[in-house]
Amino acid sequence: MRVDVLFTRRDLEAIPRESLAGSTCVVIDVLRASTTLTQAIAVGAEEIHIADSPEEAFAMKQNLGETALLCGERDGLIIPGFDIGNSPMDYTTETVGGRTLIFASTNGSRTLIACRDADEVLIGAFINMPSLIDEIQHAERLLLVGSGKLGRFAIEDAICAGMIFEELVRKGKRPVPQSDSAVCAKWLFERFLASPDDTLAHAEHAQYLCSLGLAEDVAFCTQIGSHRIVPRFQDGIVKP
């Protein structure tokens, strides 16, 4: 198994799109899109259409009908005119069960769209880690893509990628790192194990969310193994 890590969407956009052929991509946006999308599917959302921008999301709603819910954020806050923001705790059976969602976020939704040429695109987070490993353990070529923050490195996404690498090893696989970034992700996860709470508490985006009064979101997103669902992204839509 060959494993590579790209830390940001810009890293992904710098490589030829055709190079994604034959690969399984795992999109990681721990804080918060990949966690929120996993939560939404887990509580019964029927499907989630991914939009590149709020403008595209509003246009999608015109086509999908008034029952579709507009979901997402810009700069951490709910977009004016949207029904739900990007807090995973706002996604419950009561709010989204059986509903069609349209989702646009600052980082995660754009990263999903950028991975569309891969053979398979899965959504990864701390909360669905054990089940995610079961899904990807037979992939021949695995690409772990962090969403980052506004095109910059995000340590929580890198740590999650490193955890995936290490969990594959524990499953008896022999993942071969294909780049320095894959090796660095592994090292960051080892550092995380030494002081998990301290490491994530000092993450730039975690601190930003806390400044918005969203500390509970950070705690939710950094749970490990609380969900068994692994959402898939295909043809612009996230489904179970």
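All residue numbers for the sequence shown refer to this note's numbering, where the first residue is 6 and numbers rise by one.
Built from N, CA and C at the ideal position, the CB exists for glycine as well.
So what does DSSP say about residue i, is it helix, strand or coil?
{"i": "Lys66", "result": "helix"}
{"i": "Leu217", "result": "coil"}
{"i": "Ala109", "result": "strand"}
{"i": "Asp16", "result": "helix"}
{"i": "Gln44", "result": "helix"}
{"i": "Asp222", "result": "helix"}
{"i": "Thr72", "result": "coil"}
{"i": "Leu36", "result": "coil"}
{"i": "Asp203", "result": "helix"}
{"i": "Gln212", "result": "helix"}
{"i": "Arg233", "result": "coil"}
My assumption, with CB atoms under 8 Å, is that residue i sits in contact with residue j. Please give the rounded CB distance.
{"i": "Leu75", "j": "Ser186", "result": "That belief does not hold up - the Cβ atoms of Leu75 and Ser186 are roughly 34 Å apart, past 8 Å."}
{"i": "Pro236", "j": "Leu69", "result": "Contact flag wrong, Cβ pair sits at about 19 Å."}
{"i": "Val8", "j": "Leu149", "result": "7 Å"}
{"i": "Phe131", "j": "Cys215", "result": "Wrong, their Cβ atoms sit about 17 Å apart, outside the cutoff."}
{"i": "Gly156", "j": "Arg22", "result": "Wrong, their Cβ atoms sit about 18 Å apart, outside the cutoff."}
Within the same chain, show all residues whose beta-carbon is closer than 8 Å to that of residue i, passing over the 5 residues directly before and after it, in chain order.
{"i": "Arg179", "result": "Met6"}
{"i": "Lys191", "result": "Gly167, Phe170, Glu171 and Pro182"}
{"i": "Asp80", "result": "Thr111"}
{"i": "Ala224", "result": "none"}
{"i": "Glu5", "result": "Missing from the structure shown is residue 5; the chain here goes from 6 to 245 and no further."}
Excluding the 5 residues preceding and the 5 following residue i in the sequence, name in chain order all residues of the same chain whose CB lies nearer than 7 Å to its CB.
{"i": "Ala64", "result": "none"}
{"i": "Arg175", "result": "none"}
{"i": "Glu221", "result": "Met94"}
Just to confirm my understanding: we take residue i, look at its own chain, exclude 5 residues before and 5 after, and list those with CB closer than 6 Å. What are they?
{"i": "Ala73", "result": "Lys66, Thr105 and Ile107"}
Is the stretch 133-144 touching the stretch 156-164, taking contact as three or more C-beta pairs under 8 Å? Using a C-beta cut-off of 8 Å, the stretch 133-144 makes no contact with the stretch 156-164, since fewer than three inter-stretch Cβ pairs fall below that distance.
Entirely enclosed beta strand (DSSP E) segments - the stretch 85-133, minimum 3 residues: The stretch 85-133 contains these whole beta strand (DSSP E) runs: 105-109 and 125-129.
Please go through the stretch 135-188 and give each complete alpha helix (DSSP H) segment of 4 or more residues, from N-terminal end onward. As far as the stretch 135-188 is concerned, its whole alpha helix (DSSP H) runs of at least 4 residues are 160-175.
Evaluate the contact criterion for the stretch 46-58 versus the stretch 189-204: three or more CB pairs, one atom per stretch, below 8 Å. No contact exists between the stretch 46-58 and the stretch 189-204.
Measuring CB atoms only, is the stretch 27-45 touching the stretch 202-214, in the sense that at least three cross pairs come out at less than 8 Å? In short, these stretches touch, since the Cβ pair count reaches three.
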